[in-house]
Amino acid sequence: MQDKLLGLISEYNIPYKTILLEITERQGGDFEGMKIHIDKYKNHGVRFAIDDFGTGYSNLNLVTALDVDEIK
Numbered sequence: 007m008q009d010k011l012l013g014l015i016s017e018y019n020i021p022y023k024t025i026l027l028e029i030t031e032r033q034g035g036d037f038e039g040m041k042i043h044i045d046k047y048k049n050h051g052v053r054f055a056i057d058d059f060g061t062g063y064s065n066l067n068l069v070t071a072l073d074v075d076e077i078k
């Protein structure tokens with residue numbers, strides 16, 4: 007999935023920095039797996055936001071560890 011999305015972004019000449027992918031706190035269960043995927047996208051310039059921050063069990067350590075660009 008990841009390689010396909012990156013390929014489509016490249017194929018259609020969309021600047022990576024214009025892409026903002028949102029994750030929710032509930033998706034934070036597999037932290038290590040999520041970090042690997044986020045890092046791969048971020049290496050291309052894709053940005054990330056945590057949506058609904060504060061509605062679950064996240065804390066600022068999670069935000070800094072995942073290197074997200076926005077908190078919603």
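So for the sequence shown, my numbering puts the first residue at 7; every next one is plus one. We treat Cβ as the ideally placed atom computed from N, Cα and C, and that holds for glycine. A quick note: this is a predicted structure, and the numbers were derived from the prediction, not measured.
Around the Cβ of Ile56, a 10 Å sphere holds 16 or more other Cβ atoms; the residue is buried. Distance from the Cα of Lys48 is smallest, within the candidate group Leu14, Asp75 and Glu38, for Asp75. Excluding five sequence positions before and after Tyr22, the CB atoms of its chain that fall closer than 7 Å to its own CB belong to Ile15, His50, Gly51 and Val52, given in chain order.
For Asp58, the closest of Ile77, Ile20 and Asp9 by C-alpha to C-alpha distance is Ile77.
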